[in-house]
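Below: the structure, in structure tokens.
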Amino acid sequence: QLHESVTDDIEPMAHPQDISLRLREDQVTEDDERDLFQECAPAVESGLYLVPRVIE
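Per the working numbering, residue 241 is the first one in the sequence shown, and the count goes up by one each step.
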């Protein structure tokens, strides 16, 4: 039945309600302290925490 519907003059919708979202500019709110946090980690490689394998 849906294939028989005429939708030629129907505009596609992103949301069923007629609303607009207020967007803001991205802003950095915290400093990048990854290196500081990783100093106390047991194993780190290329900025990633290394953890033991838990699934064999």
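Idealized CB from N, CA, C, for every residue including glycine. In this text the structure is predicted, and so the values were computed from the model without any measurement.
Requested in this report: Pull up the DSSP beta-bridge partners for residue 285, would you.
Outcome: 288
Requested in this report: List the whole-angstrom C-beta distance separating residue 284 from residue 290, where the pair is believed to meet the contact cut-off of C-beta under 8 Å.
Outcome: 6 Å
Report task. Could you give the DSSP three-state label for residue 249: helix, strand or coil? Result -> coil
Query raised in the report: If you draw a straight line from the alpha carbon of residue 249 to that of residue 295, how long is it in whole angstroms?
Result: 55 Å
Query - Extent of the continuous alpha helix (DSSP H) run through residue 275 - result: 274 to 278
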